[in-house]
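The structure under discussion appears below in the form of structure tokens.
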Amino acid sequence: MPRPRRVLEAASSSRSPLVPARTGRARAQCTTGDDIGSGPSPLEASVADVDPDPVEMGPGASGRGSAPGGHGSAVEQWASQRERYLDNLKVILIAVVIAGHALVGYSEFDWWSYSDVREVTLAPVTTIVLIAVALPFALLVIPLLFLVSGLLTPPSVERKGTGRFVRDRLLRLGVPFVVFAILLWPLLEYGLFRWLGEAPGFWVYLRAEGSLDTGVLWFVGALLVFSLAYAGWVRIRRGRAQRRRRGPIRLGHLAALAGVVTVATFLLRMVVPFETDNWFIDVNLWEWPASAALFGLGVVAAREGWVHAAPDRLRRQSRTVTLIAVAAAGAFALAIIALGVDEEQLWGGWHWTALAFAAGECTLSVFGPVWLLGSAQRLLDRPLRWAGPAISRSAYGAFLLQGIVLIGLALALRVVPFPAEVKAILVAVGGVAGSFALAWVLISRVPGVARVL
Numbered sequence: 023m024p025r026p027r028r029v030l031e032a033a034s035s036s037r038s039p040l041v042p043a044r045t046g047r048a049r050a051q052c053t054t055g056d057d058i059g060s061g062p063s064p065l066e067a068s069v070a071d072v073d074p075d076p077v078e079m080g081p082g083a084s085g086r087g088s089a090p091g092g093h094g095s096a097v098e099q100w101a102s103q104r105e106r107y108l109d110n111l112k113v114i115l116i117a118v119v120i121a122g123h124a125l126v127g128y129s130e131f132d133w134w135s136y137s138d139v140r141e142v143t144l145a146p147v148t149t150i151v152l153i154a155v156a157l158p159f160a161l162l163v164i165p166l167l168f169l170v171s172g173l174l175t176p177p178s179v180e181r182k183g184t185g186r187f188v189r190d191r192l193l194r195l196g197v198p199f200v201v202f203a204i205l206l207w208p209l210l211e212y213g214l215f216r217w218l219g220e221a222p223g224f225w226v227y228l229r230a231e232g233s234l235d236t237g238v239l240w241f242v243g244a245l246l247v248f249s250l251a252y253a254g255w256v257r258i259r260r261g262r263a264q265r266r267r268r269g270p271i272r273l274g275h276l277a278a279l280a281g282v283v284t285v286a287t288f289l290l291r292m293v294v295p296f297e298t299d300n301w302f303i304d305v306n307l308w309e310w311p312a313s314a315a316l317f318g319l320g321v322v323a324a325r326e327g328w329v330h331a332a333p334d335r336l337r338r339q340s341r342t343v344t345l346i347a348v349a350a351a352g353a354f355a356l357a358i359i360a361l362g363v364d365e366e367q368l369w370g371g372w373h374w375t376a377l378a379f380a381a382g383e384c385t386l387s388v389f390g391p392v393w394l395l396g397s398a399q400r401l402l403d404r405p406l407r408w409a410g411p412a413i414s415r416s417a418y419g420a421f422l423l424q425g426i427v428l429i430g431l432a433l434a435l436r437v438v439p440f441p442a443e444v445k446a447i448l449v450a451v452g453g454v455a456g457s458f459a460l461a462w463v464l465i466s467r468v469p470g471v472a473r474v475l
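Numbering-wise (the working numbering), the sequence shown opens with residue 23 and increments by one.
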């Protein structure tokens with residue numbers, strides 16, 4: 023993922039304009055001299071299915087459970103009952119994230135597992151362009167996905183009831199998290215390093231890691247926790263009188279939310295600094311205050327009809343705040359570099375720089391998604407020729423399967439004497455197409471898979 027500490031190090035390093043500092047995590051070493059593996063990221067996590075339980079959105083839609091696993095008219099009927107802009111947005115996000123992982127796999131940054139055993143490296147100019155594109159995307163997308171997930175949760179609970187809602191979430195979020203994040207991904211990652219990097223025995227490797235790396239699925243784990251918490255809250259408050267909000271959500275409400283999230287993030291990172299591993303299983307706890315806040319904002323906004331149309335005035339106001347925050351963040355980064363501030367003070371602890379970093383990040387996390395949601399509703403609520411029903415239906419599965427496809431393609435090209443830029447493009451294009459194709463084959467041909475993917 024685009025990690026700010028890497029970017030600051032790249033800008034100030036005397037060795038190379040784009041040689042990132044290592045995190046200092048205790049890891050078994052490959053013969054390349056790089057750390058083994060990589061932590062999960064906002065960029066990685068940004069692509070988890072925003073609506074893991076298909077929710078009817080179209081006018082006149084009838085109740086339904088999981089989307090059909092077949093093809094032809096069945097999947098077209100499934101697509102006709104959904105908000106078109108949400109499915110288009112999901113396909114775009116997942117395709118970009120898969121391509122992004124392919125590109126960073128050939129960079130000097132440990133944002134993707136293959137980068138630790140890469141055979142060729144992107145040129146510095148190419149990497150600069152990659153950073154410029156990836157950073158803005160990564161800072162806004164994960165909060166956007168939590169916002170959309172929150173928007174879709176209340177109608178799902180109301181339609182199904184808490185019992186069925188919980189069972190469905192455990193199936194569509196819990197099962198993939200256990201299978202992919204706890205079983206398949208650690209084994210795939212270890213196999214890669216064992217084959218190419220001469221990693222030690224498996225149990226030695228796990229002890230050196232210190233915690234299970236969930237790869238691209240930390241978002242799924244967090245969303246499962248938030249969803250179950252909301253279902254529990256609804257169950258507890260059943261039968262009680264509901265208090266009505268006084269007026270719609272306004273700019274001041276978002277500003278207050280950003281302030282609360284900033285304080286919570288600052289306090290949490292005194293214990294769990296930015297980008298550090300968590301205990302036993304790595305789920306990016308240092309991002310949870312903002313993630314929970316955006317999920318909660320979505321739950322509240324669902325009652326105001328945001329899933330169909332976010333307030334246009336608030337969208338424009340949020341755009342202004344977001345652009346100002348981006349400019350301020352750039353100036354802050356330049357000031358930190360010029361003053362020679364220790365970058366470790368940014369990631370957590372009783373430092374003014376840690377508070378400023380949290381404030382900028384949380385401001386973007388609150389206002390940016392509101393702007394992007396409104397923009398997507400205006401620009402993506404139309405048919406896209408390259409994002410038909412089968413593509414949309416395969417998006418969640420493509421996200422889950424991308425690691426297998428990307429690493430497989432990179433290994434296949436390893437012996438080919440192409441420059442890194444060519445390999446990165448080939449893996450990116452093949453990774454997007456291959457991940458969606460593999461997901462659709464499993465959904466449409468393998469019995470039972472459609473209930474999970």
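The beta carbon of each residue, even a glycine, is placed where N, CA and C say it ideally should be.
### Message
So, with DSSP's three-state summary, where would you put residue 64?
### Response
With a pLDDT of 34 at residue 64, under the threshold of 50, the predicted position of this residue should be treated as unreliable, though the coordinate-derived value follows. DSSP places residue 64 in helix when its eight states are reduced to three.
### Query
Exposed or buried, which one is residue 391 when buried takes at least 16 other CB atoms within 10 Å?
Counting Cβ neighbours within 10 Å, residue 391 comes out buried, since at least 16 surround it.
### Inter-residue spacing [alpha-carbon to alpha-carbon] between residue 426 and residue 270
Roughly 45 Å between the two C-alpha positions.
### Query
So, do the segment 133 to 140 and the segment 347 to 366 have three or more beta carbon pairs nearer to each other than 8 Å?
At 8 Å Cβ cutoff, the stretches do not touch.
### Query
Can you list the alpha helix (DSSP H) stretches of 4 or more residues lying completely in the segment 338 to 407, in chain order?
Annotation: the segment 338 to 407 contains the following complete segments of the alpha helix (DSSP H) (minimum length 4 residues), in chain order: 366 to 369, 374 to 401.
### Query
If you drop the 5 nearest sequence neighbours on each side, which residues of the same chain put their C-beta closer than 7 Å to that of residue 202?
Closer than 7 Å at Cβ, skipping near neighbours: 239, 422.
### Message
Along the chain, where does the beta strand (DSSP E) containing residue 302 start, and where does it finish?
### Response
Run containing residue 302: 302 to 304, per the beta strand (DSSP E) assignment.
### Inter-residue Cα distance where the pair is residue 473 and residue 412
Residue 473 and residue 412: Cα-Cα distance of roughly 15 Å.
### Residue interval of the beta strand (DSSP E) (run including residue 233)
Residue 233 -> beta strand (DSSP E) spans 233 to 235.
### Query
Touch check for the segment 180 to 189 and the segment 241 to 257: three-plus C-beta pairs under 8 Å?
By the Cβ rule, the segment 180 to 189 counts as touching the segment 241 to 257, because three or more pairs are nearer than 8 Å.
### Message
I need the straight-line Cα distance from residue 456 to residue 151, nearest angstrom please.
### Response
Residue 456 and residue 151 have their C-alpha atoms some 25 Å from each other.
### Message
Let's see if you can read the secondary structure: which residues bound the alpha helix (DSSP H) around residue 441?
### Response
From DSSP, residue 441 is part of no alpha helix (DSSP H); its letter is neither H nor E.
### Query
For residue 288, is the classification buried or exposed, using 16 other Cβ atoms within 10 angstroms of its Cβ as the cut-off for buried?
Buried is the call here.
### Message
Can you confirm whether the segment 427 to 436 touches the segment 394 to 404 when touching is taken to mean that 3 or more C-beta pairs between the two stretches lie within less than 8 Å?
### Response
No, because fewer than three Cβ pairs between the segment 394 to 404 and the segment 427 to 436 fall closer than 8 Å, the two stretches do not touch.
### Message
By the DSSP assignment, the alpha helix (DSSP H) with residue 123 in it spans what residues?
### Response
Per DSSP, residue 123 belongs to the alpha helix (DSSP H) from 106 to 126.
#### Entry: Rounded separation between residue 448 and residue 440 - CA only
Cα to Cα, residue 448 sits roughly 10 Å from residue 440.
### Query
So, using beta-carbon positions, are residue 454 and residue 117 closer together than 7 Å?
Cβ distance < 7 Å, so residue 454 and residue 117 count as in contact.
### Query
Okay, do the segment 337 to 347 and the segment 402 to 411 touch, 3+ Cβ pairs below 8 Å being the bar?
Because the criterion of three Cβ pairs below 8 Å is not met, the segment 337 to 347 and the segment 402 to 411 do not touch.
### DSSP three-state assignment for residue 333, whether helix, strand or coil
Coil, per DSSP.
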